[in-house]
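Each residue of the sequence shown is one higher than the one before, counting from 1 in UniProt numbering.
Cβ atoms here follow ideal geometry from the backbone N, Cα and C, with glycine treated the same way.
For reference, the structure is listed below as structure tokens.
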Amino acid sequence: MTAKSKRLAGAGAQLVTEVSINYGSSLAGLAIPIVGSPVVVAARQIVMACAVLPFYRPKLSTLTWRLLWPALLLGLDLAVMNLAFYEAVHLLGLGIAATIEFLGPFSLALFTSRRPLDFICATTAAGGVFLLTWSSGEINLLGLFYALVAAAAWAGYILLTRRVAVTFPGLEGISVASVVSLTLLVPFALLTVDYTRLDWGVLGLLLAIGVLSSAFPYVLDTYILRRITPRLYAIITSFGPVIAAIFGVLVLGETLLLQQQIAIVVVCVAAGAAIATQRDRPISDLEATAGAIP
1 MTAKSKRLAG AGAQLVTEVS INYGSSLAGL AIPIVGSPVV VAARQIVMAC
51 AVLPFYRPKL STLTWRLLWP ALLLGLDLAV MNLAFYEAVH LLGLGIAATI
101 EFLGPFSLAL FTSRRPLDFI CATTAAGGVF LLTWSSGEIN LLGLFYALVA
151 AAAWAGYILL TRRVAVTFPG LEGISVASVV SLTLLVPFAL LTVDYTRLDW
201 GVLGLLLAIG VLSSAFPYVL DTYILRRITP RLYAIITSFG PVIAAIFGVL
251 VLGETLLLQQ QIAIVVVCVA AGAAIATQRD RPISDLEATA GAIP
């Protein structure tokens, strides 16, 4: 396979993961009113743990506090990020929640930059978010708060995953984080779930959410990042909010004003332009993780 063919295959696979993740998020929007966000997030983490732990179990004898604490924090961050995001989806809608959440990694990418173009892109994105949240004349402030928490947690996830990826072989750090996340989420989920609403259809929906949002993307990412650059990966990811908005309309029946549709596109284009024109970018967390797999 030629280098160009590999890039095309990697980019196509990355697009598939964006569709998978956002389709899973739209299904979560269907499940949350039935069982609540904690149950949806716990189910997602259970599926991820089942996909990762059998192949990347950490060796307990080699664990030290210096190695362990970033993975523990990553587990806490995963729980907060997913809970906050799904609550934001429930209160704001998938397209708006996904766009606001994307400000987390976008802001992190621009944090150390001093280029005028990046300042213009950041200002444009901020204007797009303002238009997105206030163009309808009303906004759920609690939903906005949850979306911003999810954005901050996503930025933290990138930093912590990068640290974990270089201190643990393969996906062992993610395995530890998934166990920590489950330990935090499962008791909360068991206390809040309405057991009378659980049936095989709901359980199947929860399984689909876990596979589409966690297990499948994690497995495919190791294939993708051996074929495309971190910059191309980030550019494709920056258009995730548009895909999320499409699934919000198709699956959840959400409606977006024309101004809100324009705002989502503005944020995505600003992010894509800033990332595409970067000259030197540090290795991505996912690339470091994939590169550590034997």
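- Within the same chain, ASP118, ALA122, ALA274 come within 7 Å of LEU110 by CB-CB distance, once the 5 residues on both sides are set aside.
- The three-state secondary structure of ARG163, taken from DSSP, is helix.
- With distances taken between CA atoms, TYR146 lies nearest to PHE85 out of PHE85, SER213, GLU138, VAL265.
- Distance between PHE247 and VAL129, taken at the CA atoms: about 19 Å.
- Between GLY240 and ALA98 the beta-carbon gap is near 6 Å, inside 8 Å, which marks them as a contact.
- Nearest Cα to CYS268 within the set LEU8, VAL164, ALA125, LYS6: ALA125.
- Contact annotation, VAL39 with THR192: C-beta distance approximately 7 Å; criterion of less than 8 Å satisfied.
- The criterion of a C-beta distance shorter than 8 Å is satisfied by VAL89 and GLY29.
- Scanning the stretch 102-141 from its first residue to its last, no whole beta strand (DSSP E) run of 3-plus residues comes out.
- Looking at GLY272, ALA276, ILE262, LEU258, the one whose alpha-carbon comes closest to that of GLY127 is ILE262.
- Contact annotation: LEU91 and ASN140 have beta-carbon atoms nearer than 8 Å.
- When secondary structure is reduced to three states using DSSP, GLU18 falls in the helix class.
- Contact between ALA271 and SER178 is absent: CB atoms are separated by about 28 Å, not below the 8 Å threshold.
- Shown here, SER238 sits in coil according to DSSP, grouped into three states, outside any helix or strand.
- In this structure, TYR223 places its C-beta atom within 8 Å of the C-beta atom of ALA13.
- PRO187 sits in a helix when the DSSP states are folded into three classes.
- Here the C-alpha atom of ILE120 lies approximately 17 Å from the C-alpha atom of ILE235.
- It is roughly 18 Å from the alpha-carbon of ILE228 to the alpha-carbon of PHE216.
- The beta carbons of ARG163 and PRO105 sit no closer together than 8 Å.
- Cβ contact annotation for THR17 (same chain, cutoff 6 Å, sequence separation greater than five): PRO217, LEU220, in chain order.
- For a cut-off of 8 Å, the C-beta gap from ALA244 to ASN22 is around 4 Å, short enough to register as a contact.
- PRO38 carries a helical assignment under DSSP once its states are collapsed to helix, strand and coil.
- Boundaries of the alpha helix (DSSP H) around ALA276: 258-276.
- Residue SER238 holds the alpha-carbon nearest to the alpha-carbon of ALA276 among GLU101, SER238, GLU254.
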